[in-house]
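Numbering (the working numbering), first residue to last: 3 to 309. The C-beta atom is built at its ideal place from N, Cα and C for all residues, glycine as well. The structure displayed is predicted, hence computed values, not measured ones.
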Amino acid sequence: MYRDKIKGYFCGAISGASYGLIPLFSLPVMQQGVDFDSLLLYRYLLAAALLAFIMAVRGRFAALSLSRDEVPFVLVLGLLYAFSSIFMFRAFDYMATGLVSTMYFVYPVFTAMIMAMFYGEKMSWGRVLSLVMTLCGVGLLYVSDGSDRMSLIGVGLTFATALFYAVYIVITNQSRMRNSSGSKVAFWSLVVGSAVFFARTGFGENLQAIPSLEGWCLVLLLAFVPTVVSCTSLVLSIRYVGSTITSILGAMEPVTAVLCGTFVFGEAMSLRIFSGIMIIIAAVVVLVTSDQMVARRRAKSRRKGIS
3 MYRDKIKGYF CGAISGASYG LIPLFSLPVM QQGVDFDSLL LYRYLLAAAL
53 LAFIMAVRGR FAALSLSRDE VPFVLVLGLL YAFSSIFMFR AFDYMATGLV
103 STMYFVYPVF TAMIMAMFYG EKMSWGRVLS LVMTLCGVGL LYVSDGSDRM
153 SLIGVGLTFA TALFYAVYIV ITNQSRMRNS SGSKVAFWSL VVGSAVFFAR
203 TGFGENLQAI PSLEGWCLVL LLAFVPTVVS CTSLVLSIRY VGSTITSILG
253 AMEPVTAVLC GTFVFGEAMS LRIFSGIMII IAAVVVLVTS DQMVARRRAK
303 SRRKGIS
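Here it is as structure tokens:
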């Protein structure tokens with residue numbers, strides 16, 4: 003049980019950190035003139051193909067097969083995952099990228115609310131404190147020059163992105179897909195997402211080609227690191243530590259994105275950004291420590307009840 007918890011914390015942090023590498027691989031390709039629908043189609047298709055190849059090499063390709071009862075769940079999960087990406091990119095048309103990315107991080111709040119309202123999950127003091135610290139830390143990571151505009155449509159799209167992602171996490175945890183492998187859930191989510199973006203490119207008629215070898219290398223990395231690694235780690239984290247904790251551990255995503263901006267794109271590291279990163283790391287420590295304390299108290303209570 004303890005080892006499973008450690009696996010869950012580790013996978014949650016890996017999922018968030020790897021997902022935060024999206025700008026590192028996607029921005030250079032989009033700067034070459036590739037639109038986001040084409041880029042996301044390449045990302046989803048290649049990620050699904052990579053997962054299928056990995057499972058085939060491991061001799062576990064048959065584990066990707068679906069039962070009839072699982073089909074509705076993977077359809078919903080794939081649509082939620084794809085449309086969360088669409089809504090976020092559309093929000094960028096109305097508000098600054100940093101503002102959208104910061105507001106998007108309300109998804110742990112949505113996740114906690116859904117789990118409390120519909121599944122009766124209680125929020126411990128450690129989870130509440132960690133959630134508040136995380137939101138404060140993420141807020142500090144966003145630095146505005148004062149010219150950013152708020153847009154009702156942009157806010158709505160950003161909240162829709164967060165809500166869809168929160169529902170994706172909850173369904174993965176609470177449906178029959180909970181006991182499925184991370185590779186299986188990720189593979190079919192990506193396959194359904196690929197179909198969505200294939201339709202959005204006019205069933206291939208408006209698909210833009212990747213213009214360079216460097217671009218293809220970046221797309222392959224985009225498909226593997228922040229997609230295959232992130233998706234499979236997310237499912238495993240949900241299985242071992244639940245929806246709420248996994249969503250809070252996703253705070254590693256903006257930390258990675260900021261560090262990439264600093265060390266790769268030459269963006270400034272201010273005291274405020276450094277403080278935000280430290281608060282997020284402290285929030286993760288509080289979350290893990292308090293959750294283990296609660297687990298130990300419950301185990302002691304059960305042992306006393308038995309005796």
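In the displayed model, residue 62 falls within coil according to three-state DSSP, outside both helix and strand. Between the region 114-133 and the region 91-99, the count of C-beta pairs closer than 8 Å stays below three; the two stretches do not touch.
Residue environment analysis places residue 86 among the buried positions, since at least 16 neighbouring C-beta atoms fall within 10 angstroms of its C-beta. For residue 13, the number of other beta carbons within 10 angstroms of its own is at least 16, and it is reported as buried.
With contacts defined as CB atoms closer than 8 Å, residue 45 and residue 229 qualify as a contacting pair. Within the same chain, Cβ atoms closer than 6 Å to the Cβ of residue 36 are found at 210, the five residues on either side in sequence being excluded. Where residue 242 is concerned, the enclosing alpha helix (DSSP H) starts and stops at 232-243. Residue 289 and residue 129 do touch by the CB rule: their CB atoms are close to 7 Å apart, below 8 Å. Between the region 221-228 and the region 271-288 there are fewer than three C-beta pairs closer than 8 Å, too few to call the two in contact. Taking 8 Å as the cut-off, the beta carbon of residue 18 is found closer than this to the beta carbon of residue 252. DSSP, read as helix, strand or coil, puts residue 36 in coil. Going by C-alpha positions, residue 271 is about 21 Å away from residue 105. By the beta-carbon neighbour count (other beta carbons within 10 angstroms, threshold 16), residue 219 is exposed.
Fully contained in the region 105-152 are the following alpha helix (DSSP H) runs of length 4 or more, in chain order: 109-121, 127-143. Taking 8 Å as the cut-off, the beta carbon of residue 143 is found closer than this to the beta carbon of residue 256. If you check the CB distance, residue 168 and residue 83 do not come in under 8 Å. Beyond the five residues adjoining it in sequence on each side, residue 200 comes within less than 7 Å, by CB distance, of 43, 206 in the same chain, given in chain order. Between residue 282 and residue 139 a beta carbon distance of about 4 Å is seen, short of the 8 Å cut, so the two are scored as contacting.
Note that the C-beta distance between residue 126 and residue 285 is not below 8 Å. Taken through DSSP and simplified to helix, strand or coil, residue 205 comes out as coil. Around residue 21, the same chain offers 228, 232, 255 as residues with beta carbons nearer than 6 Å, after the five sequence neighbours per side are excluded. Scanning its chain for C-beta atoms nearer than 6 Å, with the 5 sequence neighbours on each side dropped, one finds no residue around residue 181. Distances from the CA of residue 79 to each of 204, 178, 291 were compared; the closest alpha carbon is that of 178. The residue from 241, 263, 203 with its alpha-carbon nearest to that of residue 88 is 203. Excluding residues up to 5 positions away in sequence, 234, 237, 238 lie with their Cβ nearer than 6 Å to the Cβ of residue 184 in the same chain. Per DSSP, the continuous alpha helix (DSSP H) segment holding residue 87 begins and ends at 73-93.
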